[in-house]
Amino acid sequence: MVIQAAAVYIAVYLLAAWLADGTRAVFWIRAAGPLLPALAAIAVIAGRRTDWQGAQSVFWTVIGAGLAIWSVGHIGFVEANLFTGTLPHWLDWHTTFSLVGGGAAPLLALLARPHRGRRPFAVPAIMLDIASMAVLFLFIYTYFVLAPNLGAASGTAERSLQVVIIIQRLLILGCFAAAVWAARGTAYARVFAGLLAALVTGFVFRIVLSVQVLDDGLPPGALPQAVLDLAWIVPYFGWTWGAYAAPSSAAGAEPAVADDVPWWPSALAVAVIPVAGYGVRLAAPLGAPVDELRDLLTAFATVVGVILLSARLASQRGDVRRSNARARLLAAAVEQTDNLVMVVRKDGRIEDANAAMLRALGHDRASIARSMFADTMVSPLEDFGQRIEADVRREGIWRGAFSRRRRDGTTFPVAATVVPLLDADGDMSHFVGVERDITDDLRMRDELVRAERMSAVGELVAGVAHEINNPLQSILGCAEILSEGVSDPELRRDVALIRTEAGRAREIVRSLLSFVHRRPTGRVPTDLNEIIGEAVSLRGYHLKQGGVEMVAACGDDLPRAFANPDEIRQLVLNLVLNAEHAVMAAPPPRRITLSSGRAEPGFVYLEVTDSGPGVPESLRHRIFEPFFTTKEVGEGTGLGLSISHGIAAAHGGRLELVPGSGGACFRLVLPTAAAAPAPKLAPRVPDAVPHGGVKRALVVDDEPGVRSLIARLLARRGYDVTEAEDGEAALAELERMRFDLVLCDVRMPRVSGRMLFTTVQARDPELASRVVLMSGDTLSADVATFAAEHGVALLTKPFTAKELEAVLQRLA
Numbered sequence: 001m002v003i004q005a006a007a008v009y010i011a012v013y014l015l016a017a018w019l020a021d022g023t024r025a026v027f028w029i030r031a032a033g034p035l036l037p038a039l040a041a042i043a044v045i046a047g048r049r050t051d052w053q054g055a056q057s058v059f060w061t062v063i064g065a066g067l068a069i070w071s072v073g074h075i076g077f078v079e080a081n082l083f084t085g086t087l088p089h090w091l092d093w094h095t096t097f098s099l100v101g102g103g104a105a106p107l108l109a110l111l112a113r114p115h116r117g118r119r120p121f122a123v124p125a126i127m128l129d130i131a132s133m134a135v136l137f138l139f140i141y142t143y144f145v146l147a148p149n150l151g152a153a154s155g156t157a158e159r160s161l162q163v164v165i166i167i168q169r170l171l172i173l174g175c176f177a178a179a180v181w182a183a184r185g186t187a188y189a190r191v192f193a194g195l196l197a198a199l200v201t202g203f204v205f206r207i208v209l210s211v212q213v214l215d216d217g218l219p220p221g222a223l224p225q226a227v228l229d230l231a232w233i234v235p236y237f238g239w240t241w242g243a244y245a246a247p248s249s250a251a252g253a254e255p256a257v258a259d260d261v262p263w264w265p266s267a268l269a270v271a272v273i274p275v276a277g278y279g280v281r282l283a284a285p286l287g288a289p290v291d292e293l294r295d296l297l298t299a300f301a302t303v304v305g306v307i308l309l310s311a312r313l314a315s316q317r318g319d320v321r322r323s324n325a326r327a328r329l330l331a332a333a334v335e336q337t338d339n340l341v342m343v344v345r346k347d348g349r350i351e352d353a354n355a356a357m358l359r360a361l362g363h364d365r366a367s368i369a370r371s372m373f374a375d376t377m378v379s380p381l382e383d384f385g386q387r388i389e390a391d392v393r394r395e396g397i398w399r400g401a402f403s404r405r406r407r408d409g410t411t412f413p414v415a416a417t418v419v420p421l422l423d424a425d426g427d428m429s430h431f432v433g434v435e436r437d438i439t440d441d442l443r444m445r446d447e448l449v450r451a452e453r454m455s456a457v458g459e460l461v462a463g464v465a466h467e468i469n470n471p472l473q474s475i476l477g478c479a480e481i482l483s484e485g486v487s488d489p490e491l492r493r494d495v496a497l498i499r500t501e502a503g504r505a506r507e508i509v510r511s512l513l514s515f516v517h518r519r520p521t522g523r524v525p526t527d528l529n530e531i532i533g534e535a536v537s538l539r540g541y542h543l544k545q546g547g548v549e550m551v552a553a554c555g556d557d558l559p560r561a562f563a564n565p566d567e568i569r570q571l572v573l574n575l576v577l578n579a580e581h582a583v584m585a586a587p588p589p590r591r592i593t594l595s596s597g598r599a600e601p602g603f604v605y606l607e608v609t610d611s612g613p614g615v616p617e618s619l620r621h622r623i624f625e626p627f628f629t630t631k632e633v634g635e636g637t638g639l640g641l642s643i644s645h646g647i648a649a650a651h652g653g654r655l656e657l658v659p660g661s662g663g664a665c666f667r668l669v670l671p672t673a674a675a676a677p678a679p680k681l682a683p684r685v686p687d688a689v690p691h692g693g694v695k696r697a698l699v700v701d702d703e704p705g706v707r708s709l710i711a712r713l714l715a716r717r718g719y720d721v722t723e724a725e726d727g728e729a730a731l732a733e734l735e736r737m738r739f740d741l742v743l744c745d746v747r748m749p750r751v752s753g754r755m756l757f758t759t760v761q762a763r764d765p766e767l768a769s770r771v772v773l774m775s776g777d778t779l780s781a782d783v784a785t786f787a788a789e790h791g792v793a794l795l796t797k798p799f800t801a802k803e804l805e806a807v808l809q810r811l812a
């Protein structure tokens, strides 16, 4: 858009100058022609001033200031011509403004090097360099142009002026060409290239103009003179386009460059001023008073330059001090960090390592300095180190994992990041590795994998246990029916054995469900004796097969603990498993005892005691630490006791190792929930009494064997029983006749037991009060919650005839 506007402007300007030739209007056209592009550039820079920061802001501020100075000089040129009616002298004051604004300002602005990023830290040093170079330029203009004009031979000042202009323009072109090269790969490469093209175009017209001034003066005619004005118009439109196209400081990432700001511009100014001033004075004197003025200018400019150079060096020393302080701070941080840091030379010898690395490897600084990188690692490949170096050279970074070798020969795994260190020439001089010991991470990962596997196994066990309950229900029920009609003593013993073993299987299944099922994490009054009974049922038979006796010694009238039952089951199971491992290594007799009782007021305890070798005194203070284990690799993770300790502490209780003779004794102490005593370990179900007047019953279950068995049990108790294979069939039966009792399985296809109950409750609230739900998984949180919320009677499969009688009595 800027380029198209510039082309239109130049065409209109040349046409207007040609049409106004010979009139007074041509003066105003040529006066406004170069000025408007400069003002446009100033306006764009002012409008975008908030887009640039740091060194980039300095660059465009200097360019804008230069354009403003040139504009003032041009206005002065026009004003002098307006009042005198003739062109003013080339060496009037406006010349210095034009040279400074149009020539020096771009060179001074390049000292900011905007292509290297914002670099706010560099702004003070850049400003001092700009001030030093500005003094040098002013000295050159005054010494070689203005001073000779005071008394030298005619034409000397004009020739010096044109030579200075040409040299200055060549210097600008050379510097911007170098800037294009230096900025390659950055957003400023395109900006510098566009500015260079505009400056080259203006330089061509400036050469023609300088030749005309030195020979015959300006060419006749308004149009040729207007064409030569393109020496200003084109570059100024270039600055307008550059300011418009330049990226903002917030765009893109900061270039990865060194924080260096060269101090040579200030030193160059101090060196050139006295050499040029006194050298030219001696080699080509112009006589008084010009030489005296030149001496004064040289002395004054040298003093100012020395002052600025001193300030620049002081600023650099401050930067060096800040850099040193920063380096010390970073070195202290690296030394104190827990990460393992190592610096390695290109030849593979270790240069240095931080304290964490030295501790991990078992080296001191003297021994690590004599080691090679390969000596401290366990490489899976022979050329592993060379592969790391190749990846760093190609990608600039390497990430991966390998094993480190300690000084004593043991190993440990690390996750590492390796990056190169570059010298002043950009070549790699060292490699820096930042590593982290991942031993615990790998152990935790294995534990999480094991926990996920155990969770999956637990879900499988819960599903299998639920399915086992249905055939167990049939076995247990049929055994009870048989026991009522068998008179042969031998057969009665067989039926009794079937009932006993089926009941034992039922308790095992219930214990399995208790330990693997996930339930809400809320704390409720919990019977520790019941948890002991579940643990004995779950592990007692297995231990008996291995020659270990498992004994339950429960306290009478034990208050309930206020706890989460699932978490306490997990804790007790952890303690039992540890006790199993301990007693297996001990000679017979082997015993594990689970006991309970009252502790201090307001607390109850549960103890797990074994007849194993006990815990050595030297290890007692470490047994609750995470990952600490005395088991062989692969037999334990060292998390059981630490997790158990955390569960006890979270409940407001404690888990402790009780000192004593013999094996280990772990005591769990928990706060009580209420003063009401808990029932004993195996409460006896009261004998059934006549159920009352319930006559018609509906049995709903998708298992034909279970459905038929329950129907027979109810029929023996005087019920007229109707069977339904699922909830949908049951709804049809409920539409057909009225029932006094409904026994319904919870999990069924199509219409579940809960859906059936909800429908019955909506249609016949009185019948809903005589609905009994049956489930093989009553430990499931949703089933138990549903039954509790709606006040529904719940029978746990497999249930006995006595348990059925008890439910029928409550309903009657």
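Straight run, no breaks: the sequence shown in this note's numbering ends on number 812. Note that the Cβ used here is the ideal one computed from N, Cα and C, for glycine as well.
Using the rule of at least 16 other Cβ atoms within 10 Å of the residue's Cβ for burial, across every protein chain shown, is residue i buried or exposed?
i, result
"Ile126", "buried"
"Ile167", "exposed"
"Gln386", "exposed"
"Trp181", "exposed"
"Ala314", "exposed"
"Gly692", "Confidence in Gly692 is poor, its pLDDT being 48 and thus under 50, which makes the residue's placement unreliable; the coordinate value appears in the next sentence. Counting Cβ neighbours within 10 Å, Gly692 comes out exposed, since fewer than 16 surround it."
"Ala41", "buried"
"Lys695", "exposed"
"Leu808", "buried"
"Ala563", "buried"
"Asp364", "exposed"
"Val604", "buried"
Figure out for me which residue from the options has the closest Cα to the Cα of residue i.
i, options, result
"Ala401", "Asp383, Arg393, Gly409, Val378", "Val378"
"Val548", "Arg493, Thr609, Thr500, Glu530", "Thr609"
"Ala416", "Arg406, Ile397, Asp423", "Ile397"
"Tyr236", "Ala197, Thr796, Ala131, Ala806", "Ala197"
"Arg443", "Glu484, Leu811, Phe412", "Phe412"
"Ala711", "Gln761, Ala65, Glu723", "Glu723"
"Arg11", "Ile29, Thr23, Arg24, Asp740", "One point to set straight first is that residue 11 is Ala, not Arg, in the sequence displayed. Taking only the C-alpha atoms, the option nearest Ala11 is Ile29."
"Val414", "Arg393, Leu340, Glu467", "Leu340"
Would you list the one or two residues that DSSP bridges to residue i?
i, result
"Asp764", "DSSP output for Asp764 lists no bridge partner at all."
"Asp295", "DSSP lists no partner for Asp295."
"Cys744", "Val700, Leu773"
"Ile667", "As written in the sequence, residue 667 is Arg, which differs from the Ile given in the question. For Arg667, which the question treats as bridged, DSSP gives the partners Glu607, Glu656."
"Thr411", "Arg405"
"Ile398", "Checking the displayed sequence, the identity of residue 398 turns out to be Trp instead of Ile. Bridge partners of Trp398: Val418."
"Met342", "Ala353, Gly433"
Taking the alpha helix (DSSP H) that residue i falls in, what are its first and last residues?
i, result
"His581", "565-584"
"Arg387", "384-395"
"Gly33", "25-47"
"Val145", "Counting along the chain, Val145 falls outside any alpha helix (DSSP H), and DSSP gives it neither H nor E."
"Glu351", "No alpha helix (DSSP H) holds Glu351; the beta strand (DSSP E) holding it covers 350-353."
"Ser266", "264-283"
Grab the span of the beta strand (DSSP E) containing residue i for me, first residue to last.
i, result
"Tyr605", "603-610"
"Ala724", "720-724"
"Arg436", "428-437"
"Ala246", "Taken as a continuous stretch (DSSP letters only), Ala246 belongs to no beta strand (DSSP E), as it is neither H nor E."
"Ser596", "590-598"
"Val100", "Taken as a continuous stretch (DSSP letters only), Val100 belongs to no beta strand (DSSP E), as it is neither H nor E."
Check residue i in the structure and name its three-state DSSP category.
i, result
"Arg321", "helix"
"Trp181", "helix"
"Thr758", "helix"
"Pro677", "For Pro677, the predicted model reports a pLDDT of 43, less than 50, meaning its position is unreliable; a value from the coordinates is still stated below. DSSP places Pro677 in strand when its eight states are reduced to three."
"Pro690", "Low local confidence applies: a pLDDT of 42 at Pro690 is under 50, so the model's placement there is unreliable, with the coordinate-based value given in what follows. Three-state DSSP puts Pro690 in coil, outside helix and strand."
"Pro235", "helix"
"Asp446", "helix"
"Val615", "coil"
Report yes if the C-beta of residue i is less than 8 Å from at least one heavy atom of the ligand ADP; otherwise report no.
i, result
"Phe139", "Annotation note on the ligand ADP: not contained in the displayed structure, which lists no ligands."
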